[in-house]
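The numbering of the sequence shown is this note's numbering, which starts it at 2 and goes up by one. Backbone N, C-alpha and C define an ideal beta-carbon position, used for all residues, glycine too. Everything numeric in this text was worked out from a predicted model, so none of it was measured. Data block below; observations after.
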Amino acid sequence: MSFVISPEKFQNSVKEGDIYIKGDYYKNKNGFAVKQGEIFNYNDKELFNKIHTKGTSLILRLKGEFLLVWYDKKLKRIYIGNDKLGREILFYF
């Protein structure tokens, strides 16, 4: 799963409800994020809210292929999470 979720607008993001999202996904008719035939238990807003309320420890419980970049504006920290096999690649310029 490769997508970025933010409460604030960023380059090439699309507004979905109260948040902005960008990435390699689409939403099925039930509003779930889907990539390569896999259905994720959380839609974009639910995933963002879960991480926001439960903290970054939730990232440790994610299963499957993913790359997640989380910016905590309040703490001014960036968190980066990748699945155990590192199947998604992150580049920084």
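Classify residue i: buried if its beta carbon has 16 or more other beta carbons within 10 angstroms, exposed otherwise.
| i | result |
| --- | --- |
| L91 | exposed |
| L69 | buried |
Any beta carbon of chain D sitting closer than 8 Å to that of residue i?
| i | result |
| --- | --- |
| W71 | The structure shown contains no chain D, having only a single protein chain. |
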